[in-house]
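Enquirer: If you read the sequences in order, they're chains A and B. Using full-length UniProt numbering, the first residue of the first sequence is number 1, and each one after it goes up by one. Using full-length UniProt numbering, the first residue of the second sequence is number 1, and each one after it goes up by one.
2 protein chains.
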Amino acid sequence: MNKSFPTARRMGDIAPFHVMDLLARARALEEAGHDIVHMEVGEPDFPTPEPVLQAGMEALRAGHTRYTPATGLPALREAIAGFYERHHGVSVDPARIVITPGASGALQLIMGVLLNPGDRVLLPDPGYPCNRHFVRQFEGEGLGVPVGPETDYQLVARHLEEAWDARTVAAMAASPSNPTGTVVEAASLEALSAAARERGGVLVADEIYQGLVYDGHAPTALSVTDEAFVINSFSKYFGMTGWRLGWIVAPEEYVRALDKLAGNIFLSASTPAQHAALAAFSPETGEILEERRDAFRERRDFLLPALRELGFRLPGAPRGAFYLYADCSAFTDDSFAFAGDLLDRAGVAITPGIDFGAHRPDAHVRFAYTTRLDRLAEGVERLDRFLRT
Amino acid sequence: MNKSFPTARRMGDIAPFHVMDLLARARALEEAGHDIVHMEVGEPDFPTPEPVLQAGMEALRAGHTRYTPATGLPALREAIAGFYERHHGVSVDPARIVITPGASGALQLIMGVLLNPGDRVLLPDPGYPCNRHFVRQFEGEGLGVPVGPETDYQLVARHLEEAWDARTVAAMAASPSNPTGTVVEAASLEALSAAARERGGVLVADEIYQGLVYDGHAPTALSVTDEAFVINSFSKYFGMTGWRLGWIVAPEEYVRALDKLAGNIFLSASTPAQHAALAAFSPETGEILEERRDAFRERRDFLLPALRELGFRLPGAPRGAFYLYADCSAFTDDSFAFAGDLLDRAGVAITPGIDFGAHRPDAHVRFAYTTRLDRLAEGVERLDRFLRT
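#1: Looking only at its chain, what residues have a beta carbon closer than 7 Å to the beta carbon of phenylalanine 83 (chain A), apart from the 5 residues adjacent to it on each side?
#2: Please list the partners that arginine 9 (chain B) has in chain A, where partner means a Cβ-to-Cβ separation under 7 Å.
#3: With a threshold of 8 Å between beta carbons, is methionine 1 (chain B) in contact with chain A?
#4: Please confirm whether leucine 261 (chain A) has its beta-carbon closer than 8 Å to some beta-carbon of chain B.
#5: Would you kindly report the start and end of the unbroken beta strand (DSSP E) that includes leucine 122 (chain B)?
#6: When you compare the segment 211–222 of chain B with the segment 173–187 of chain B, are there three or more beta-carbon pairs, one atom per stretch, that lie closer than 8 Å?
#7: For the segment 222–245 of chain B, which residues have a CB atom closer than 7 Å to at least one CB atom of chain A, in sequence order?
#8: Could you tell me which whole beta strand (DSSP E) segments of length 3 or greater appear in the segment 50–91 of chain B?
#9: Let me know the secondary structure DSSP gives valine 348 (chain B) once reduced to three states.
#10: Going by the CB atoms, is the gap between tyrosine 128 (chain B) and alanine 62 (chain B) shorter than 8 Å?
#11: List, in order along the chain, the chain B residues whose C-beta lies closer than 9 Å to that of alanine 106 (chain A)?
#12: Any Cβ of chain A within less than 8 Å of the Cβ of alanine 191 (chain B)?
#13: Identify the contact partners of threonine 271 (chain A) in chain B, using a Cβ-Cβ distance below 9 Å as the criterion.
#14: Quick one: using the 10 Å Cβ neighbour count with 16 as the cut-off for buried, is serine 223 (chain A) buried or exposed?
#15: Among the candidates A:Met20, A:Lys260, A:Glu381, A:Asp93, whose CA atom is the shortest distance from the CA of alanine 346 (chain A)?
#16: According to DSSP, simplified to helix, strand and coil, what is methionine 1 (chain B)?
#17: Please list, in chain order, the residues of the segment 73–105 of chain A that have any C-beta partner in chain B closer than 7 Å.
#18: Is leucine 114 (chain B) closer than 8 Å to valine 169 (chain B) when the C-beta atoms are compared?
#19: By Cβ distance below 7 Å, which residues in the same chain neighbour isoleucine 80 (chain A) in space, the five residues on each side in sequence not counted?
#20: What in chain B is Cβ-close to leucine 53 (chain A), meaning under 7 Å?
#21: Just to confirm the assignment: which complete alpha helix (DSSP H) runs, minimum length 4, are found wholly within the segment 117–199 of chain B?
#22: Within the 8 Å Cβ cut-off, does asparagine 178 (chain A) reach chain B?
#23: Tell me where the beta strand (DSSP E) around alanine 106 (chain B) begins and ends.
#24: Taking only three categories from DSSP, how would you classify leucine 203 (chain A)?
#25: Applying a beta-carbon distance threshold of less than 8 Å, which residues of chain A neighbour tyrosine 67 (chain B)?
#26: For a contact meaning CB atoms closer than 8 Å, what does valine 113 (chain A) contact in chain B?
#27: For chain B, check one thing: does any of its Cβ atoms lie closer than 8 Å to the Cβ of valine 202 (chain A)?
#28: Identify, in the order they occur along the chain, each residue of the same chain with its Cβ nearer than 7 Å to the Cβ of phenylalanine 138 (chain B), setting aside the five sequence neighbours on each side.
#29: Could you name the residues of the same chain whose beta carbon sits closer than 7 Å to that of leucine 278 (chain A), not counting the 5 residues immediately before and after it, in chain order?
#30: Taking proline 14 (chain B) as the query, report the chain A residues whose CB atoms sit under 8 Å from its CB, ordered along the chain.
#31: Measure how close the beta-carbons of arginine 197 (chain A) and tryptophan 164 (chain A) come, nearest whole angstrom, since I'm counting them as under 8 Å.
#32: Quick one: grab the DSSP three-state call for glycine 242 (chain B).
#33: Using 8 Å as the Cβ pair cut-off and three pairs as the minimum, do the segment 84–94 of chain B and the segment 315–329 of chain B touch?
#34: Quick check on alanine 28 (chain B): buried or exposed, where buried means 16 or more other Cβ atoms within 10 Å of its Cβ?
#35: Can you list, in chain order, the residues of its chain with a C-beta nearer than 6 Å to that of tryptophan 243 (chain A)? Leave out the 5 residues immediately preceding and following it.
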């Protein structure tokens, strides 16, 4: 008998999250009685808002537990269109909205309808690590484009002009960005989309942190073009991470293909989650979410100057999400070892740059302010002591 | 500006469900006041069992709405291992169990860790149509192997010996099968797995209808080998379709890769669904599920002889799932047109063979007994009148 098993080569290119090793160490330390300040978690510490929970329970009581259409509940697609109208003054045909199992499902569908083997997608580096893997999943190649403070850690049209080649079919932007929290302005979104479209490609705009902006607001790509893919999610701003629910607003040319692919690979997104999400746009939920946004702002307004005071460099303008991407080169040339030491010796968990790309990861770490202000203060104190010794 | 959009070639190979057109016509007829007997629906008509609904509501009350580990809640993986121990007398290490967003998620992960571009997977034809598309999604090729009454519409080891080539890496079996309801015996599962392993490949056993068997029981591939992938789901037997929750039991060699891929493309399966599913194995739920199984058996025991009486040929032994795959060649050589006529003229919705493969689809239709006995009786009466005119 042949003892070997068939194995896909793609798995050699799909990296695990390095922070997972740190998390396992953090858990072991906690089990041994140590107190850990968690500044590594990419998930809001707030529970799902009460009106959404209530709508979820009501849906279960009413027996809403069977499949929905592949593109989602019509009422939810209309509610999302209403949200764009009210919050962004943009009119979106609900027929262009596809409900997905999280933004992860959205990324799969989009890469699935776009990519042929060998096709390239331009991605900002640093950026959300899974984007590259969604591209790789469909035998495409994510090309990381180094971005830094000079463009607020975002792709600009010039990057597309320089990096686009015959194999390139799309470019991604995330606004606000994970890990940097920076925002892309409307004019830049328009230029990015135009640069992609001029080359026969498309812009994919990840707007999952859009509701979490603390200075001004983050425009949607929908306000400048109907020819980009826009991804959003109920996870971060709406506090529904574990429900796994997101959406795509697609150029109408792709709607049929997305419907077909979703029907085949997902059947549909979670039905209880979709019914619960109908309450996500209510005024009561809105009030709760705005209070939470204020709390995140307060945390950022504490943590950003505190980190700068300690000697971290944060040259960009982190206006949203709940992350600060800090240059730690004043202290180390190995951010992975730095994060490990910080955890072991000071009980503070952060994410090393290596999880976000290949552009100077050793000089960066990500701080998440997904924990209470007093815990952030404790974390800063511990950092201060750690950096002095 | 270049007005064309990039498009993946795979979308040309991924077929929509043809029954969807019939469904749209059925809905239009219903809106015009006509009564339609639905025998096309691949989803139980029973709601999620009350104890599972209650556990779901309790989970929401308790705020279980954040991400779980990528492989799922440890308690649920252990509960599933317990289920194999109690119901099949098979001991499975919970570490080999990966919780997925439905069996759809399971199929994605398995094809994702197995397939390189051009790799082949042998599939029974007729079979579940999406299987071919999960293979195509990862740039593989699903090779339909014609199966008929002589092997109870199932692959047997001989098929693998004949069809396996250098590009083949896996074969799939579904027991009970959609659309035929036939079961693979343990000896055949063992021979299928051995035939695949001898050639350096693996067997992928789809057991999502395993709980729904009406004569004897359907053995799990786990009872004969640790080297096959086994897929199961909370959708069909456990009545949780819309929750989107399933699982894989994997050869231990693949667990790390599945964990890594799941963490990247799904993050995790639905958290409320996972907590609800913890109640799926309780004795109270078990009683409800067994009553439902009795109801399905009663329906099959009515519908199978009634269809034979009408002149449909059903030579296999449909022992499970909730489908009858009927040879309609006594009435038509175009099952698609036949299903359309039956809907328009008699108000009975069924699924034409074309949705299940390329092997004599024109001679077959699928009847689903996912509706009450009195409605099935009404459907049979209408069929009788339809076939006489």
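Even glycine gets a Cβ: it sits at the ideal position worked out from N, Cα and C.
Expert: In terms of the structure at hand:
#1: Excluding residues within five positions, the ones whose Cβ falls inside 7 Å are Phe281.
#2: Asn116
#3: With a pLDDT of 47 at methionine 1 (chain B), under the threshold of 50, the predicted position of this residue should be treated as unreliable, though the coordinate-derived value follows. By this cut-off, methionine 1 (chain B) is an interface position.
#4: yes
#5: 120–125
#6: yes
#7: Met240, Thr241, Gly242, Trp243, Arg244
#8: none
#9: Residue state, collapsed to three classes: strand.
#10: No.
#11: Correct list: empty, because the minimum Cβ distance to chain B is about 11 Å.
#12: no
#13: Those are Thr241, Gly242, Trp243, Arg244, listed as they occur along chain B.
#14: exposed
#15: That would be A:Glu381, whose Cα lies nearest to the Cα of alanine 346 (chain A).
#16: Per-residue confidence for methionine 1 (chain B) stands at a pLDDT of 47, beneath the threshold of 50, marking its modelled position as unreliable; no derived number is given.
#17: Pro101, Gly102, Ser104
#18: yes
#19: Ile97, Trp247
#20: Listed along chain B are Leu60, each with a C-beta nearer than 7 Å to that of leucine 53 (chain A).
#21: 129–137, 157–163, 186–198
#22: no
#23: Alanine 106 (chain B) -> not in any beta strand (DSSP E); alpha helix (DSSP H) instead, spanning 102–114.
#24: Of the three classes helix, strand and coil, the one that applies to leucine 203 (chain A) here is strand, per DSSP.
#25: Glu43, Thr241, Gly242
#26: Thr7, Ala8, Met11
#27: By this cut-off, valine 202 (chain A) is an interface position.
#28: Met111, Gly112, Leu115
#29: Ala55, Ala75, Leu76, Ala79
#30: Strictly speaking, residue 14 (chain B) in this sequence is isoleucine, with proline absent from that position. Those within 8 Å of isoleucine 14 (chain B) in chain A are Lys260, Leu261, Asn264.
#31: Incorrect: roughly 11 Å between the Cβ atoms, too far for contact.
#32: helix
#33: no
#34: Exposed: under 16 other Cβ atoms inside 10 Å.
#35: Ala273
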